[in-house]
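Novice: This is the structure I have questions about; it appears just below.
Protein chains: 2
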Amino acid sequence: MDTKFSNNSANNRVNLQNHAIKQTYAILGTGALGGFYGACLQRAGLEAHFLLKSDYEYVSQQGLRIESVAGDFTLPHVRAYADIQQMPACDVVVVALKTTQNHLLPQMLPSVLKEDGVVLVLQNGLGVEAQVAEIVGAERVIGGLCFLCSNKVQPGHIRHLAYGQINLAAYASGYQSVGITERMRQIANDFEQAGISMQLSEDLLLVRWQKLVWNIPYNGLSVVLDAKTDELMENRDTRALVEQLMREVLVGAAACDRIISDSFVSKMLDYTVKMKPYQTSMKIDYDSKRPMEVETMFGNPLRAAYQQGVKLPQIEMLYQQLKFLDSRNCSRGRANNS
Amino acid sequence: MDTKFSNNSANNRVNLQNHAIKQTYAILGTGALGGFYGACLQRAGLEAHFLLKSDYEYVSQQGLRIESVAGDFTLPHVRAYADIQQMPACDVVVVALKTTQNHLLPQMLPSVLKEDGVVLVLQNGLGVEAQVAEIVGAERVIGGLCFLCSNKVQPGHIRHLAYGQINLAAYASGYQSVGITERMRQIANDFEQAGISMQLSEDLLLVRWQKLVWNIPYNGLSVVLDAKTDELMENRDTRALVEQLMREVLVGAAACDRIISDSFVSKMLDYTVKMKPYQTSMKIDYDSKRPMEVETMFGNPLRAAYQQGVKLPQIEMLYQQLKFLDSRNCSRGRANNS
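Chains as they are written, first to last, in this note's numbering: chain U, 1 to 338; chain X, 339 to 676.
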């Protein structure tokens with residue numbers, strides 16, 4: 001189902017070079033993820049525009065500094081914006097916000113998207129593309145699943161620790177599988193020029209569920225049990241629980257007509273055992289007293305399965321535990337800020 | 339199924355007074371629970387022998403002090419023992435240890451139990467009576483479910499905050515229902531003389547499952563989410579989760595041929611909403627870095643249902659989370675003590 005981009009990219013790259021029209025990029029959310037990919041694109045000669053909030057002053061003056069396993073670099077000047085209305089309309093609008101900010105998308109997207117532009121959703125969880133499609137139309141949405149380990153260590157200073165690959169797949173109404181589109185190839189070509197490994201997939205819903213196989217157990221349990229991946233894998237009980245949760249994700253995927261094999265579960269377990277102890281993104285958000293991405297990562301998959309008449313009791317329980325912790329954490333966060 | 343002792347206790351009391359043989363009591367575990375009930379029995383004129391560990395020196399010299407909602411009292415002299423082999427054989431051996439100490443029972447019980455004596459198990463969870471029956475014989479075991487809110491605030495100093503009722507039921511092989519026995523009436527009579535409200539039940543397994551309806555959700559979630567009962571009931575998600583867990587306990591009970599009605603769940607929920615914010619016993623153990631009673635309160639009910647082919651996925655997940663936390667907590671406890 002997945003297609004390695006490198007298998008058939010040579011021809012496409014030639015075609016694109018013939019066209020020689022460079023796409024412009026708007027990066028909505030210049031954090032650990034958006035800041036990293038946007039900086040790589042700009043370094044490769046592409047025009048990137050960065051939307052910032054709290055770091056705007058700093059980055060507009062000092063630019064971006066990337067400390068990366070693939071080599072450090074600095075961009076002293078970047079096109080930084082605090083107000084999305086000031087940004088030019090771009091060919092590719094990269095949504096790299098936390099999904100907890102997605103209620104802002106209806107106001108944000110229309111002005112920054114060219115008439116023939118596309119929105120590239122680089123977010124976790126399920127269902128965001130459908131939400132974006134309601135704003136810009138289904139044919140203008142592409143999903144991207146990032147396998148990236150990076151942190152923002154200071155304003156404008158991003159530390160890229162490992163990985164970085166993006167798995168692209170086009171959205172179509174109701175998450176039908178649409179195969180590999182020309183636009184996907186154009187975007188993949190830009191990112192590959194920027195040094196990012198790309199994979200093209202025909203079925204967005206399948207790859208989203210596949211990513212949940214990892215994200216649901218590790219993000220959820222890391223917060224509820226205050227544990228890194230290595231601790232969860234070393235204890236016999238949580239090791240078994242992780243596997244049960246993964247198998248419930250497979251049940252959810254099957255309810256949505258997407259079959260993930262048992263061997264995928266074994267692969268994810270083996271992969272995690274071999275990883276360095278990992279702090280999940282949800283745990284980092286929780287520890288920083290930021291809202292967690294509970295709805296897109298847990299609520300939407302649960303509802304998608306439930307709409308097909310399928311209950312996922314252990315994922316539901318994890319969702320309820322996270323909702324409780326999120327609610328308490330955010331009210332304590334507000335109390336500390338006031 | 340339950341029989342209020344007060345309904346038919348008058349006759350039995352007369353009979354016992356005619357017999358005029360007072361039962362002697364051995365209290366194994368002089369903590370918040372054993373210390374409280376044992377002190378009440380001694381104050382009422384019964385002979386009580388107390389087994390202690392860390393508090394032995396203090397209590398053998400200073401006795402016990404009970405600060406109680408029902409009236410404070412002090413016992414300057416109690417029969418205190420550090421070594422169970424020094425205790426006389428008694429008519430009633432009250433097991434008031436934490437169930438995490440139950441591996442010691444095979445060594446402890448034989449010498450302290452009179453030939454025609456009985457063991458009264460005042461512990462939480464499921465399956466302990468069967469374990470005790472293997473040591474002393476099924477016909478010599480009575481279960482007692484305590485509805486007591488008390489803490490040990492210092493060595494020999496117990497604070498009784500609320501409630502105190504004990505629900506007695508006799509054990510028989512395989513947890514068959516055996517009705518109300520004469521020995522139950524004798525013990526209930528002693529405790530009632532000591533000011534403790536008593537209830538007699540015909541079916542031990544039923545009342546054990548009934549108590550789990552409360553214990554499983556609140557003890558488990560209070561530890562995993564670091565929350566008191568009021569917080570769990572105020573949040574919409576944990577309120578729903580508590581109810582789901584209660585209904586899974588009903589499924590487990592039904593697997594063991596014990597029917598608990600839906601209205602019992604509503605009763606427990608209403609009762610908890612009206613309670614003062616409550617710190618569960620499992621949370622107190624966890625915070626004190628003591629082992630939690632995970633196996634008797636979660637593991638044994640899960641295994642009992644599983645033996646009948648019934649899975650309880652949300653209780654199982656709570657069990658696995660608690661086992662992880664218990665393991666980490668105890669290893670940290672040991673590290674702090676060394």
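Yeah, the Cβ is synthetic: ideal placement off N, Cα and C, and Gly gets one too.
Report the neighbours of D575 of chain X on chain U: residues whose CB is nearer than 7 Å to its CB, in chain order.
Specialist: Counting from one through the second sequence, the residue named residue 575 of chain X turns up at place 237. Going along chain U in sequence order, the residues near D575 of chain X (Cβ under 7 Å) are Q320, K323 and F324.
Novice: Determine the burial state of P555 of chain X: buried for a count of at least 16 other Cβ atoms within 10 Å of its Cβ, exposed for fewer.
Specialist: Position 217 of the second sequence holds residue 555 of chain X. Flag for P555 of chain X reads buried.
Novice: According to DSSP, is G164 of chain U helix, strand or coil?
Specialist: Residue numbering aside, residue 164 of chain U sits at position 164 when the first sequence is read from its first letter. In this structure, G164 of chain U counts as strand in the three-state DSSP scheme.
Novice: Can you look up S338 of chain U in the DSSP assignment and give me helix, strand or coil?
Specialist: Along the first sequence, read from residue 1 onward, the residue named residue 338 of chain U stands at position 338. Residue placement at S338 of chain U is flagged as unreliable, the pLDDT there being 43, under the threshold of 50; the coordinate-derived value follows with that caveat. Correct three-state label for S338 of chain U: coil.
Novice: Is there a Cβ from chain U that is less than 8 Å from the Cβ of V562 of chain X?
Specialist: Walking along the second sequence from the start, residue 562 of chain X turns up at place 224. Yes, contact with chain U.
Novice: Spatial neighbours of A510 of chain X within its chain, please: CB distance less than 7 Å, with the 5 preceding and 5 following residues excluded, ordered by chain position.
Specialist: As a working mapping, residue 510 of chain X is identified with position 172 in the second sequence. Correct list, in chain order: A476 and V516.
Novice: Note down the Cα distance separating I404 of chain X from S604 of chain X, rounded to an integer number of angstroms.
Specialist: Reading the second sequence from its first residue, position 66 is the one you call residue 404 of chain X. Reading the second sequence from its first residue, position 266 is the one you call residue 604 of chain X. The alpha-carbon atoms of I404 of chain X and S604 of chain X are separated by roughly 34 Å.
Novice: Less than 8 Å between the CB atoms is what I'm expecting for K621 of chain X and S560 of chain X, so what's the real figure, rounded?
Specialist: Mapped onto the second sequence, residue 621 of chain X falls at position 283. Mapped onto the second sequence, residue 560 of chain X falls at position 222. With 8 Å as the limit, K621 of chain X and S560 of chain X qualify as a contact, their Cβ atoms being about 4 Å apart.
Novice: What does S665 of chain X touch in chain U if you count any residue whose Cβ is under 7 Å from its own?
Specialist: Reading the second sequence from its first residue, position 327 is the one you call residue 665 of chain X. Correct list: N235.
Novice: Counting pairs of Cβ atoms below 8 Å between the region 158 to 173 of chain U and the region 66 to 77 of chain U, do you hit three or more?
Specialist: Yes: the two stretches touch, three or more of their Cβ pairs being nearer than 8 Å.
Novice: List, from N- to C-terminal side, the beta strand (DSSP E) runs of 3 residues or more that fit wholly inside the region 366 to 390 of chain X.
Specialist: Segments of the beta strand (DSSP E) lying fully in the region 366 to 390 of chain X: 385 to 389.
Novice: May I have the straight-line CA-CA distance separating P444 of chain X from L389 of chain X, to the nearest angstrom?
Specialist: Walking along the second sequence from the start, residue 444 of chain X turns up at place 106. Walking along the second sequence from the start, residue 389 of chain X turns up at place 51. Cα to Cα, the separation comes out at about 16 Å.
Novice: Can you list, in chain order, the residues of its chain whose CB lies under 6 Å from that of Y396 of chain X, leaving out five sequence neighbours each side?
Specialist: For the purposes of this step, residue 396 of chain X is taken as residue 58 along the second sequence, with counting starting at 1. Correct list, in chain order: P493 and G494.
Novice: So what does DSSP say about V69 of chain U, is it helix, strand or coil?
Specialist: By one-based count along the first sequence, residue 69 of chain U stands at place 69. Of the three classes helix, strand and coil, the one that applies to V69 of chain U here is coil, per DSSP.
Novice: Taking the DSSP output, what are the residues bridged to K490 of chain X?
Specialist: Counting from 1 along the second sequence, the entry for residue 490 of chain X is found at position 152. Paired residue(s): X:I496.
Novice: Are any of the Cβ atoms in chain X nearer than 8 Å to that of Q314 of chain U?
Specialist: As a working mapping, residue 314 of chain U is identified with position 314 in the first sequence. Chain X, which has a Cβ nearer than 8 Å to the Cβ of Q314 of chain U, makes this yes.
Novice: Under the rule that 16 or more other beta-carbon atoms within 10 Å means buried, what is Q399 of chain X, buried or exposed?
Specialist: On the second sequence, residue 399 of chain X is found 61 positions in, with the first residue counted as 1. Q399 of chain X comes out exposed.
Novice: Let me check understanding here. Comparing Cα to Cα, which of X:R574, X:T618, X:L542 and X:V587 lies closest to Y644 of chain X?
Specialist: The residue you call residue 644 of chain X lines up with position 306 of the second sequence. Answer by Cα proximity: X:V587.
Novice: Going by Cα to Cα distance, which pick from X:D564, X:G376, X:D393 and X:G383 is closest to L460 of chain X?
Specialist: On the second sequence, residue 460 of chain X is found 122 positions in, with the first residue counted as 1. Per the Cα distances, X:G376.
Novice: Measuring only between beta-carbons, confirm whether A305 of chain U sits less than 8 Å from chain X.
Specialist: As a working note, residue 305 of chain U is residue 305 in the first sequence. By this cut-off, A305 of chain U is not an interface position.
Novice: In or out: K512 of chain X buried (at least 16 other Cβ within 10 Å) or exposed?
Specialist: To locate residue 512 of chain X, count along the second sequence from 1; it is residue 174. The amino acid occupying residue 512 of chain X in the given sequence is Gly; Lys does not appear at that position. Label assigned to G512 of chain X: exposed.
Novice: What does the alpha-carbon distance come out to for the pair T519 of chain X and Q582 of chain X?
Specialist: On the second sequence, residue 519 of chain X is found 181 positions in, with the first residue counted as 1. On the second sequence, residue 582 of chain X is found 244 positions in, with the first residue counted as 1. Straight-line Cα distance between these residues: approximately 36 Å.
Novice: Tell me whether P426 of chain X is buried or exposed, calling it buried when 16 or more other Cβ atoms sit within 10 Å of its Cβ.
Specialist: Your numbering for residue 426 of chain X matches position 88 in the second sequence. Flag for P426 of chain X reads exposed.
Novice: Are the C-beta of M446 of chain X and some C-beta of chain U separated by less than 8 Å?
Specialist: Counted from its first residue, the second sequence places residue 446 of chain X at position 108. False, the Cβ-Cβ gap to chain U never drops below 8 Å.
Novice: Closer than 8 Å, CB to CB, is L579 of chain X near chain U or not?
Specialist: Residue numbering aside, residue 579 of chain X sits at position 241 when the second sequence is read from its first letter. Chain U contact via Cβ: present.
Novice: Which residue's Cα is closest to the Cα of L205 of chain U: U:V94, U:E134, U:R140 and U:G127?
Specialist: For this step, residue 205 of chain U is matched to residue 205 along the first sequence. Among U:V94, U:E134, U:R140 and U:G127, the Cα nearest to that of L205 of chain U belongs to U:G127.
Novice: Count the other C-beta atoms from every protein chain shown that fall within 10 angstroms of the C-beta of M1 of chain U, then say buried if there are 16 or more, exposed otherwise.
Specialist: In the first sequence, counting from the first residue as 1, residue 1 of chain U sits at position 1. Because the pLDDT at M1 of chain U is just 35, under 50, the model does not fix this residue reliably, and the point stays unresolved.
Novice: At 9 Å on the CB atoms, spell out the chain U contacts of M655 of chain X, in chain order.
Specialist: Residue 655 of chain X sits at position 317 when you count from the first residue of the second sequence. Result: L241, Q244, L245, P313, Q314, M317 and L318.
Novice: Smallest Cα separation from D203 of chain U: which of U:Y25, U:I196 and U:M184?
Specialist: The residue you call residue 203 of chain U lines up with position 203 of the first sequence. Closest by alpha carbon: U:M184.
Novice: Curious, which full-length alpha helix (DSSP H) runs of at least 4 residues does the region 429 to 465 of chain X contain?
Specialist: As far as the region 429 to 465 of chain X is concerned, its whole alpha helix (DSSP H) runs of at least 4 residues are 443 to 450.
Novice: For the structure I just gave you, are there three or more beta carbon pairs, one from the region 649 to 656 of chain X and one from the region 219 to 236 of chain U, closer than 8 Å?
Specialist: Judged by Cβ distances under 8 Å, the region 649 to 656 of chain X makes no contact with the region 219 to 236 of chain U, as fewer than three pairs qualify.
Novice: For E467 of chain X, collect the residues of the same chain with a Cβ closer than 6 Å to its Cβ; drop the 5 residues on either side in sequence, then sort them by chain order.
Specialist: Your numbering for residue 467 of chain X matches position 129 in the second sequence. Closer than 6 Å at the Cβ level, and outside the excluded window around E467 of chain X, lie V459, V479, G481 and Y509.
Novice: Here's the rule I'm using: 16 or more other beta-carbon atoms within 10 Å means buried, otherwise exposed. How should T3 of chain U be labelled?
Specialist: In the first sequence, counting from the first residue as 1, residue 3 of chain U sits at position 3. Because T3 of chain U sits at a pLDDT of 36, beneath the cut-off of 50, its placement in the model cannot be relied upon, and the following sentence gives the value as read from the coordinates. So T3 of chain U counts as exposed.
Novice: Do Q321 of chain U and V562 of chain X have their beta-carbon atoms positioned less than 8 Å apart in this structure?
Specialist: Reading the second sequence from its first residue, position 224 is the one you call residue 562 of chain X. Reading the first sequence from its first residue, position 321 is the one you call residue 321 of chain U. The answer is yes: Cβ separation under 8 Å.
Novice: One question on the structure: do V431 of chain X and L366 of chain X come within less than 8 Å of each other, judged by their Cβ atoms?
Specialist: Residue 431 of chain X sits at position 93 when you count from the first residue of the second sequence. Residue 366 of chain X sits at position 28 when you count from the first residue of the second sequence. Yes, the pair counts as a contact, with Cβ atoms nearer than the cut-off.
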